[in-house]
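Here is the structure we will look at.
Residue numbers (my numbering): 469 to 717.
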């Protein structure tokens, strides 16, 4: 692959901007400055721009621990975008969030430029399990579990797929819920239909991939192939997720 094309698909820079960087000696291959845009490189080479290594993988997969107050897409000017929390060295032109978390929600948000993976995670046929740690304004009621398992009908008549929810041990207002779909503000609307209100909501896992305990709010990390494979697993263990929350509660 040409050097300029390699950089173009892995950075936010235009070809014109990249040609200037290359001609000025700001791009290196395995530590050696490359001043020709058509020089052939591979993903096995170590390519750096202004001393910062550019990941050579075809696609990038990033896990962000989203803070409250950030949106996934700017519907109104002046909003803080979650994608801006990703360092410039990891930004790519086609980088997009896989699904959404609303402004008031926190936790796991995936970003990738791999359109096929995004489709697999979001497709109803894939049924990727999505786990949420929820804090309610009123106490948990045992009948919630049965109603959620039967499939909640929202106030606007929308039918939700059956889901799994249980209270977090040693708490009265917290629960873990696992969804197999991703409707707009779904957890909040489900609990409203049951006569309760969501105070806090955090996505803690997608399938078998959960947020590392040492990943701070607002921080992100690049996922490896093994991590990506965890996302696509269709069978997960609710009890193990509940145990994690129990230890942290």
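The beta carbon of each residue, even a glycine, is placed where N, CA and C say it ideally should be.
These figures come from a predicted structure and were not determined experimentally.
| Query | Result |
| --- | --- |
| C-beta contact flag for residue 678 and residue 704 at 7 Å | no |
| Contact set for residue 580: own chain, Cβ-Cβ below 8 Å, skip 5 residues either direction | 527, 528, 529, 530, 563, 564, 566, 586 |
| Paired residues, beta bridge with residue 680 - DSSP | Residue 680 is not bridged to any residue. |
| According to DSSP, residues forming a beta bridge with residue 670 | 574, 601 |
| Unbroken stretches of the alpha helix (DSSP H), 4 residues or longer, contained in the segment 498-538 | none |
| In DSSP terms, what residue 644 is bridged to | 601, 634 |
| Contained beta strand (DSSP E) runs [length at least 3] in the segment 542-573, N- to C-terminal order | 564-566 |
| Neighbourhood of residue 686 by C-beta distance below 7 Å, restricted to the same chain and skipping five residues each side | 533, 535, 553 |
| Alpha carbon of residue 478 to alpha carbon of residue 667, nearest angstrom | 39 Å |
| Cα-Cα separation between residue 694 and residue 572, rounded to whole angstroms | 30 Å |
| Nearest candidate by alpha-carbon position, reference residue 639, set 608, 628, 629 | 608 |
| Closest residue to residue 702 among 545, 596, 496, 521 (Cα-Cα distance) | 596 |
| Buried/exposed call for residue 750, threshold 16 Cβ in 10 Å | Because the chain here runs from 469 to 717, residue 750 falls outside it and cannot be looked at. |
| Integer Cβ distance of residue 599 from residue 669, believed to fall under 8 Å | The pair is not a contact, with the Cβ atoms about 11 Å apart (cut-off 8 Å). |
| Beta-carbon proximity check, residue 601 vs residue 486, cutoff 7 Å | no |
| Residues of its chain near residue 653, where Cβ-Cβ distance is below 8 Å and the 5 sequence neighbours each way are ignored | 570 |
| CA-to-CA distance, residue 561 to residue 642, given in whole angstroms | 39 Å |
| Own chain residues within Cβ distance below 6 Å of residue 507, not counting five before or after | 471 |
| 8 Å Cβ shell around residue 539 - same chain, five flanking residues per side excluded | 547, 548, 549, 550, 570, 571 |
| Residue 574 and residue 520 closer than 7 Å at C-beta | no |
| Three-state secondary structure (DSSP) of residue 655 | helix |
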